[in-house]
Amino acid sequence: MPADYGEGQRQQIQLADRVLSWRTDPDNSSVGCYLHGEVGHVYTLGIHGKLSNLLVTKQALEHDGISLVRTDRGGDITYHGPGQLLAYPILDLHRLGLGVKGYIEALESAVMFTLSAYSIATTLLADAPGVWLEPKGTRPLRKICAVGVHVNQGITTHGFALNVHTDLSYFTRINPCGFTTRGVTSMAQELENAPPLAEVDELLTQMLARVLNIKIAPLSSGTHPTV
Numbered sequence: 001m002p003a004d005y006g007e008g009q010r011q012q013i014q015l016a017d018r019v020l021s022w023r024t025d026p027d028n029s030s031v032g033c034y035l036h037g038e039v040g041h042v043y044t045l046g047i048h049g050k051l052s053n054l055l056v057t058k059q060a061l062e063h064d065g066i067s068l069v070r071t072d073r074g075g076d077i078t079y080h081g082p083g084q085l086l087a088y089p090i091l092d093l094h095r096l097g098l099g100v101k102g103y104i105e106a107l108e109s110a111v112m113f114t115l116s117a118y119s120i121a122t123t124l125l126a127d128a129p130g131v132w133l134e135p136k137g138t139r140p141l142r143k144i145c146a147v148g149v150h151v152n153q154g155i156t157t158h159g160f161a162l163n164v165h166t167d168l169s170y171f172t173r174i175n176p177c178g179f180t181t182r183g184v185t186s187m188a189q190e191l192e193n194a195p196p197l198a199e200v201d202e203l204l205t206q207m208l209a210r211v212l213n214i215k216i217a218p219l220s221s222g223t224h225p226t227v
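Just so you know, we're using full-length UniProt numbering here: the sequence shown kicks off at 1 and counts up by one.
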């Protein structure tokens, strides 16, 4: 995953076109590619995202060198930045035999299995995608992983963002995903000793491969894994 979010968006489009072309290639059985890693500070709006959920001015963001990007994913506004694992599986749902609902459930399951390995109990909500933690003491219902995807001609882009060592103060500038009464958390917030992001990334890749019943291996001609 490029550190520059905009470059990551351009790569997604290129890779989605490549994955779609594989559908008509009888010699290529791959079902997609996988972009994952960290990006610099950026706020992103989903296709139906409301600017009213940005609680500071665009000028304030520019002053701090933070971009605001409108995207074609589902969901409202969220933050991406260092310490957060951003994962974009670019997959052919036709070849996988999955619908959009089943695909989102698979992403959420992979994240939940990963967090369970670190003894973090999670839950799902009927009215909001993503992975959540139940209220605890004075802490409200809180999201640890945002999920937002786009599907065109059966090819997925975007994906999920898991807060590992994320600086959660950046979420105070927005109503995360449009919510005003639900919180945000991270693995570092929930654990006494949170694991390195690279370790979480490796385990999550394994869990994603397991729930989708695929293999993930690096491309011989580049750094984007093929699945």
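Don't be surprised by glycine CBs; every beta carbon is placed ideally from N, CA and C.
Cβ neighbour criterion (16 or more within 10 Å) applied to residue i
{"i": "residue 14", "result": "exposed"}
{"i": "residue 199", "result": "exposed"}
{"i": "residue 153", "result": "exposed"}
{"i": "residue 186", "result": "buried"}
{"i": "residue 97", "result": "exposed"}
{"i": "residue 89", "result": "buried"}
For residue i, the residue or residues it bridges with in DSSP
{"i": "residue 159", "result": "148"}
{"i": "residue 115", "result": "In the DSSP output, where bridge partners are listed per residue, residue 115 has none listed."}
{"i": "residue 80", "result": "42"}
{"i": "residue 143", "result": "132 and 184"}
{"i": "residue 225", "result": "218"}
{"i": "residue 64", "result": "Bridge partners of residue 64: none, in fact."}
{"i": "residue 123", "result": "132"}
Within 7 Å, strictly: CB atoms of residue i and residue j
{"i": "residue 143", "j": "residue 111", "result": "no"}
{"i": "residue 147", "j": "residue 130", "result": "yes"}
{"i": "residue 41", "j": "residue 1", "result": "no"}
{"i": "residue 115", "j": "residue 161", "result": "no"}
{"i": "residue 210", "j": "residue 56", "result": "no"}
DSSP state of residue i mapped onto helix, strand, coil
{"i": "residue 129", "result": "strand"}
{"i": "residue 36", "result": "strand"}
{"i": "residue 138", "result": "coil"}
{"i": "residue 20", "result": "helix"}
{"i": "residue 164", "result": "coil"}
- Message: Could you tell me which whole beta strand (DSSP E) segments of length 3 or greater appear in the segment 36-60?
- Response: Taking 3 residues as the shortest admissible run, the segment 36-60 contains the following complete beta strand (DSSP E) segments, listed from N- to C-terminal end: 42-45.
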